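Colleague: From first to last, the protein sequence lines stand for chains A and B.
Going by the working numbering, the first residue of the first sequence is number 85, and it counts up by one from there.
Going by the working numbering, the first residue of the second sequence is number 85, and it counts up by one from there.
There are 2 protein chains.
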Amino acid sequence: MHTLSDLENHQIRLASRPVGLPARDNWRFTTEPVGEPADGGIVVKTLFLSLDPAMRGWMNDVKSYIPPVGIDDVMRAGGIGVVVASKSPAFAVGDHVSAMLNVQEYATIAADQMKRAGLFKIDPRAGTPTQWLNVLGMPGMTAYFGLLDVGQPKPGDTVVVSGAAGAVGQTVGQLAKVKGCRAVGIAGGQAKCDWVVKELGFDACIDYKGGSVRDGLKTHCPDGVDVYFDNVGGEILDHVLARINRKARVVICGAISQYNNTAPVQGPKNYLSLLVNRARMEGLVVFDYADRYPVAIAELAEHLKSGRMKSKEDVVVGLESFPETLLKLFNGENFGKLVLQVAT
Amino acid sequence: MHTLSDLENHQIRLASRPVGLPARDNWRFTTEPVGEPADGGIVVKTLFLSLDPAMRGWMNDVKSYIPPVGIDDVMRAGGIGVVVASKSPAFAVGDHVSAMLNVQEYATIAADQMKRAGLFKIDPRAGTPTQWLNVLGMPGMTAYFGLLDVGQPKPGDTVVVSGAAGAVGQTVGQLAKVKGCRAVGIAGGQAKCDWVVKELGFDACIDYKGGSVRDGLKTHCPDGVDVYFDNVGGEILDHVLARINRKARVVICGAISQYNNTAPVQGPKNYLSLLVNRARMEGLVVFDYADRYPVAIAELAEHLKSGRMKSKEDVVVGLESFPETLLKLFNGENFGKLVLQVAT
Numbered sequence: 085m086h087t088l089s090d091l092e093n094h095q096i097r098l099a100s101r102p103v104g105l106p107a108r109d110n111w112r113f114t115t116e117p118v119g120e121p122a123d124g125g126i127v128v129k130t131l132f133l134s135l136d137p138a139m140r141g142w143m144n145d146v147k148s149y150i151p152p153v154g155i156d157d158v159m160r161a162g163g164i165g166v167v168v169a170s171k172s173p174a175f176a177v178g179d180h181v182s183a184m185l186n187v188q189e190y191a192t193i194a195a196d197q198m199k200r201a202g203l204f205k206i207d208p209r210a211g212t213p214t215q216w217l218n219v220l221g222m223p224g225m226t227a228y229f230g231l232l233d234v235g236q237p238k239p240g241d242t243v244v245v246s247g248a249a250g251a252v253g254q255t256v257g258q259l260a261k262v263k264g265c266r267a268v269g270i271a272g273g274q275a276k277c278d279w280v281v282k283e284l285g286f287d288a289c290i291d292y293k294g295g296s297v298r299d300g301l302k303t304h305c306p307d308g309v310d311v312y313f314d315n316v317g318g319e320i321l322d323h324v325l326a327r328i329n330r331k332a333r334v335v336i337c338g339a340i341s342q343y344n345n346t347a348p349v350q351g352p353k354n355y356l357s358l359l360v361n362r363a364r365m366e367g368l369v370v371f372d373y374a375d376r377y378p379v380a381i382a383e384l385a386e387h388l389k390s391g392r393m394k395s396k397e398d399v400v401v402g403l404e405s406f407p408e409t410l411l412k413l414f415n416g417e418n419f420g421k422l423v424l425q426v427a428t
Numbered sequence: 085m086h087t088l089s090d091l092e093n094h095q096i097r098l099a100s101r102p103v104g105l106p107a108r109d110n111w112r113f114t115t116e117p118v119g120e121p122a123d124g125g126i127v128v129k130t131l132f133l134s135l136d137p138a139m140r141g142w143m144n145d146v147k148s149y150i151p152p153v154g155i156d157d158v159m160r161a162g163g164i165g166v167v168v169a170s171k172s173p174a175f176a177v178g179d180h181v182s183a184m185l186n187v188q189e190y191a192t193i194a195a196d197q198m199k200r201a202g203l204f205k206i207d208p209r210a211g212t213p214t215q216w217l218n219v220l221g222m223p224g225m226t227a228y229f230g231l232l233d234v235g236q237p238k239p240g241d242t243v244v245v246s247g248a249a250g251a252v253g254q255t256v257g258q259l260a261k262v263k264g265c266r267a268v269g270i271a272g273g274q275a276k277c278d279w280v281v282k283e284l285g286f287d288a289c290i291d292y293k294g295g296s297v298r299d300g301l302k303t304h305c306p307d308g309v310d311v312y313f314d315n316v317g318g319e320i321l322d323h324v325l326a327r328i329n330r331k332a333r334v335v336i337c338g339a340i341s342q343y344n345n346t347a348p349v350q351g352p353k354n355y356l357s358l359l360v361n362r363a364r365m366e367g368l369v370v371f372d373y374a375d376r377y378p379v380a381i382a383e384l385a386e387h388l389k390s391g392r393m394k395s396k397e398d399v400v401v402g403l404e405s406f407p408e409t410l411l412k413l414f415n416g417e418n419f420g421k422l423v424l425q426v427a428t
């Protein structure tokens, strides 16, 4: 029988900080033995890793809502894994867990690191492992609290969401429909737009690669925009600001169009629309809502089970493909929540 | 004895829409007889007119929170006047009133226009006529509801306000002090900064013409910024966004640095600070609070009377000097609330 120390742990570390898009030489591949867990600790075998736009920010040496990833550290990533060794009374071998496992095959988590890693047992009956990284994971939590707490949609409101076929966007639009709103997506490409409307039930979806977002908003938001959930920033944010209603809420969740800028961020030229319309633009960081994740997970799992909501994950296989796979987020290639399958 | 029709009414009309700063040929001077009031109507002799940054927006042919001034219309302006003829049971000759009198010597207001003109009797015991255009007028109302309702300051918060020696800014900072906050102004020139600190009691004031706003904020807001009341936009907004605290409130009241742009408005490059800090940027239009003006006026009049608050008006004499006087707002020359004295 193998012991843990016979196993190799392949890892991907941050070798240097990228300028613009992350390149191959910003990464370094390492191999280490897997250690036995300390008293109270566990070892988790990574099954799936979540690939998120926020990762790009973590690579910059800038103070933000969490510290940057250090040079030579294993790249930070959330994931789903299975416990393969446990000296913790709270976890048994075979338990499925969600945690910051980072970009590696095995994560050894000490007792005093469990809280910081956001470690918790997942219920496989509520959703598949990849759904636990999507609707039931951070993107779902972000959509849920961003839309409901910050966006405060009322039945009949028009809710617009960019990155509509992405991880957060797909849940924002479907949840808006559940809450009685008109949901209009913005996504890149006809295939994504068709899926968002036909499969997810959005009222409309504007293809920013295929036509004018400005015209699309005029056509599909005849009564203006009450809530805009922004994942992209840039020109699209300005187009929507030009169409907001009085007392509109603009939720700033991300700005993927700006994350690889080597020039300064493009600020919203139309921000004075907030003044004219007595409207609000507000940012959120999902970790603030950690106490309420269980409530959100329970509601979203119920919507999945009943078929009121669907989810789509874009699964790429192989730890070694992480550097190239991450880039799919920034050129808009991913279709659904982007997930890296590391093991089965 | 003179009748009204013997009197001449000198007026200034919008002749054409300016590009950039309003120029002399954007205005046209006209003279008309003063008509008798219709049944239920009144005639008001203009004493003082309020000159406001918002006037620049009213001159553009753009849908906003109120319609633009039409070409050949008398330029819109709020003012204080005295009733010189009345066929209204609600107003007697000699009453002092506040209303949209526009840039002219006499305003004839029909019964059905009184509400739209915002006509009301002022109490000369609560403040001087120019104070009724300042702390007790629109700037005071804007400061009061913008700071308290939108900014929601808590005792101990650091409140920063730009245009600190201007009409709105002077009241924002003093009211912040009354509410137990640290008040830091941003103004142009040492004289204004000295006045804001020594006369009005702000904790500090940063001279944007004399040094780095970025360094000034570091020095004078060591604990960051909880509420920013923005009257100017542009670079200064970006500097403050870089210093906001978690859950900060940014009140968008105006953007005087951008009003005469011939290039597109400069959007805030640092708007993603809203995300990192879970902060909010929100616009206001003071007219929304009209129902609550009496409460605000009562409180502010009490602060003036007790000496807890002061006010400063920059009074220029003569209707005919309106075009040049308006420009003082845009080059930062006015010191205190800018008022045009039309008659005594």
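Just so you know, even glycine gets a beta-carbon here, dropped at the ideal spot from N, CA and C.
Predicted model, so just to flag it, every value in this text is computed and none were measured.
Identify, in the order they occur along the chain, each residue of the same chain with its Cβ nearer than 7 Å to the Cβ of A/Pro223, setting aside the five sequence neighbours on each side.
Modeller: Within the first sequence, the letter at position 139 stands for residue 223 of chain A. Around A/Pro223: Ala251, Val252, Thr255 and Lys421.
Colleague: Ignore the nearest five residues each way along the sequence and tell me which others in A/Met85's own chain have a CB closer than 8 Å to its CB.
Modeller: Sequence index remark: in the first sequence, residue 85 of chain A carries index 1 (1-based). Because the pLDDT at A/Met85 is just 46, under 50, the model does not fix this residue reliably, and the value given afterwards should be weighed accordingly. Counting only Cβ-Cβ distances below 8 Å, and skipping sequence neighbours, we find nothing.
Colleague: Excluding the five sequence neighbours on either side, which residues of its own chain have a C-beta within less than 8 Å of the C-beta of A/Glu366, listed in chain order?
Modeller: The residue you call residue 366 of chain A lines up with position 282 of the first sequence. Cβ neighbours of A/Glu366 beyond the five flanking positions: Val234, Arg333, Val334, Val335 and Ile336.
Colleague: At 7 Å on the CB atoms, spell out the chain A contacts of B/Pro348, in chain order.
Modeller: As a first step, residue 348 of chain B is located in the second sequence; it is residue number 264 there, counting from the start. Neighbours of B/Pro348 on chain A, chain order: Lys353.
Colleague: Which residue's Cα is closest to the Cα of A/Glu189: A/Ile164, A/Gln197 and A/Gln215?
Modeller: What you label residue 189 of chain A is simply residue 105 of the first sequence in a count that begins at 1. The shortest Cα separation from A/Glu189 among A/Ile164, A/Gln197 and A/Gln215 belongs to A/Ile164.
Colleague: Strictly under 8 Å for the Cβ-Cβ distance: is A/Met85 near chain B by that measure?
Modeller: Counted from its first residue, the first sequence places residue 85 of chain A at position 1. With a pLDDT of 46 at A/Met85, under the threshold of 50, the modelled position of that residue is not reliable, and the figure given next carries that caveat. Not an interface residue.
Colleague: At a Cβ threshold of 8 Å, is A/Ala363 touching chain B?
Modeller: Here residue 363 of chain A corresponds to residue number 279 of the first sequence, with the count starting at 1. Yes, A/Ala363 lies at the interface with chain B (some Cβ there is under 8 Å from its Cβ).
Colleague: Between which two residues does the alpha helix (DSSP H) holding B/Ala275 run?
Modeller: For the purposes of this step, residue 275 of chain B is taken as residue 191 along the second sequence, with counting starting at 1. Per DSSP, B/Ala275 belongs to the alpha helix (DSSP H) from Gln274 to Lys282.
Colleague: Going by the beta-carbon positions, is the gap between B/Asn418 and B/Asp398 smaller than 8 Å?
Modeller: Residue numbering aside, residue 418 of chain B sits at position 334 when the second sequence is read from its first letter. Residue numbering aside, residue 398 of chain B sits at position 314 when the second sequence is read from its first letter. Cβ atoms of B/Asn418 and B/Asp398: closer than 8 Å.
Colleague: Could you pull the start and end residues of the alpha helix (DSSP H) that B/Arg140 belongs to?
Modeller: The count along the second sequence starts at 1 and reaches residue 140 of chain B at position 56. Ala138 to Trp142 is the extent of the alpha helix (DSSP H) around B/Arg140.
Colleague: If the criterion is Cβ atoms closer than 8 Å, does the pair B/Val311 and B/Ile270 meet it?
Modeller: For this step, residue 311 of chain B is matched to residue 227 along the second sequence. For this step, residue 270 of chain B is matched to residue 186 along the second sequence. For B/Val311 and B/Ile270, no; Cβs fall outside 8 Å.
Colleague: Using beta carbons (cut-off 8 Å, strictly below), is A/Gly230 in contact with chain B?
Modeller: Taking the first sequence and counting its residues from 1, one reaches residue 230 of chain A at position 146. Cβ-Cβ to chain B under 8 Å: no for A/Gly230.
Colleague: How long is the line joining the alpha carbons of A/Lys199 and A/Arg160, rounded to whole angstroms?
Modeller: Taking the first residue of the first sequence as 1, we reach residue 199 of chain A at position 115. Taking the first residue of the first sequence as 1, we reach residue 160 of chain A at position 76. So the alpha carbons of these two residues sit roughly 15 Å apart.
Colleague: Helix, strand or coil for A/Tyr355 per DSSP?
Modeller: As a first step, residue 355 of chain A must be located in the first sequence, where it is residue number 271. DSSP places A/Tyr355 in coil when its eight states are reduced to three.
Colleague: For B/Gly253, which residues in chain A fall below 8 Å Cβ to Cβ?
Modeller: Working through the second sequence from its first residue, we reach residue 253 of chain B at position 169. Under the 8 Å cutoff, chain A gives no residues; its nearest Cβ is about 16 Å from B/Gly253.
Colleague: Can you give the Cα-Cα distance for B/Lys412 and B/Val153, rounded to whole angstroms?
Modeller: Stepping through the second sequence from its first residue, residue 412 of chain B is reached at position 328. Stepping through the second sequence from its first residue, residue 153 of chain B is reached at position 69. Cα to Cα, B/Lys412 sits roughly 21 Å from B/Val153.
Colleague: Is DSSP giving A/Asn110 helix, strand or coil here?
Modeller: Numbered from its first residue, the first sequence carries residue 110 of chain A at position 26. Three-state DSSP puts A/Asn110 in a helix.
Colleague: What did DSSP end up calling B/Leu133 once you bin it into helix, strand or coil?
Modeller: Translated into the one-based positions of the second sequence, residue 133 of chain B becomes position 49. Reduced to three states, the DSSP call for B/Leu133 is strand.
Colleague: Take the Cβ of B/Ser89 as the centre, count every other Cβ of all protein chains shown within 10 Å, and call the residue buried at 16 or more, exposed below.
Modeller: Within the second sequence, numbered from 1, the residue matching residue 89 of chain B stands at position 5. B/Ser89 is exposed by the Cβ-count criterion.
Colleague: Can you find the residues in the same chain that come closer than 7 Å, C-beta to C-beta, to B/Phe204, ignoring five residues on each side of it along the sequence?
Modeller: Along the second sequence, one-based indexing puts residue 204 of chain B at 120. Taken in chain order, the residues that qualify are Val181 and Ser182.
Colleague: Are there three or more Cβ pairs, one per stretch, closer than 8 Å when the segment 207 to 223 of chain B is compared with the segment 233 to 249 of chain B?
Modeller: Not touching, per the Cβ criterion.
Colleague: Report the CB separation of A/Thr82 from A/Pro121 in whole angstroms; it is logged as a contact under 8 Å.
Modeller: With chain A represented from 85 up to 428, any question about residue 82 of chain A goes unanswered, as that position is not in the structure.
Colleague: For B/Met184, which of B/Leu301, B/Ile155, B/Leu133 and B/Val280 has the nearest alpha-carbon?
Modeller: Your numbering for residue 184 of chain B matches position 100 in the second sequence. Out of B/Leu301, B/Ile155, B/Leu133 and B/Val280, B/Leu133 has the C-alpha closest to the C-alpha of B/Met184.
Colleague: Going by DSSP in three states, A/Gly257 sits in which element: helix, strand or coil?
Modeller: By one-based count along the first sequence, residue 257 of chain A stands at place 173. Of the three classes helix, strand and coil, the one that applies to A/Gly257 here is helix, per DSSP.
Colleague: Using Cβ-Cβ distances below 7 Å, what residues of the segment 372 to 383 of chain A are close to chain B?
Modeller: Hits within the stretch, in order: Asp372.
Colleague: Using the three-state DSSP reduction, which class does A/Asp322 fall into: helix, strand or coil?
Modeller: Along the first sequence, one-based indexing puts residue 322 of chain A at 238. A/Asp322 falls in the helix class under three-state DSSP.
Colleague: Beta-carbon separation of B/Val158 and B/Ala169 under 8 Å?
Modeller: For the purposes of this step, residue 158 of chain B is identified with residue 74 of the second sequence, where counting begins at 1. For the purposes of this step, residue 169 of chain B is identified with residue 85 of the second sequence, where counting begins at 1. No.
Colleague: Which chain B residues are close to A/Ser148, counting only those with a beta carbon under 7 Å from its beta carbon?
Modeller: Position 64 of the first sequence, counted from the start, is the residue given in the question as residue 148 of chain A. Residues of chain B passing the Cβ test: Val360.
Colleague: Relative to the C-alpha of A/His94, which residue among A/Lys129, A/Gln274 and A/Pro106 is closest?
Modeller: For the purposes of this step, residue 94 of chain A is taken as residue 10 along the first sequence, with counting starting at 1. Of the listed residues, the one whose Cα sits closest to A/His94 is A/Lys129.
Colleague: Classify A/Met85 as helix, strand or coil using the three-state DSSP reduction.
Modeller: The residue given as residue 85 of chain A occupies position 1 in the first sequence. In this prediction, A/Met85 has a pLDDT of 46, which is less than 50 and means its spatial position is unreliable; what the coordinates show is noted afterwards. A/Met85: coil per DSSP, three-state reduction.
Colleague: Using a Cβ cut-off of 8 Å, pull out every chain A residue sitting near B/Ile336, in sequence order please.
Modeller: Working through the second sequence from its first residue, we reach residue 336 of chain B at position 252. Those are Tyr355, Leu356, Leu358 and Leu359, listed as they occur along chain A.
Colleague: Checking 8 Å against the spacing of the C-beta atoms, do A/Leu284 and A/Gly257 come in under that value?
Modeller: Against the first sequence, residue 284 of chain A aligns to sequence position 200. Against the first sequence, residue 257 of chain A aligns to sequence position 173. Result yes, Cβ atoms of A/Leu284 and A/Gly257 sit closer than 8 Å.
Colleague: Any idea what DSSP makes of A/Asp123, helix, strand or coil?
Modeller: The residue you call residue 123 of chain A lines up with position 39 of the first sequence. Coil at A/Asp123, not helix or strand.
Colleague: With a threshold of 16 other CB atoms inside 10 Å of the CB of B/Ile96, please say whether the residue is buried or exposed.
Modeller: For the purposes of this step, residue 96 of chain B is identified with residue 12 of the second sequence, where counting begins at 1. Buried, by the Cβ-count rule.
Colleague: For B/Val297, return the contacting residues in chain A, with the cut-off set at a CB-CB distance below 7 Å.
Modeller: Reading the second sequence from its first residue, position 213 is the one you call residue 297 of chain B. Simply none; closest approach about 17 Å.
Colleague: Let me check understanding here. Comparing Cα to Cα, which of B/Thr115, B/Leu135 and B/Gly125 lies closest to B/Thr409?
Modeller: For this step, residue 409 of chain B is matched to residue 325 along the second sequence. Among B/Thr115, B/Leu135 and B/Gly125, the Cα nearest to that of B/Thr409 is on B/Leu135.
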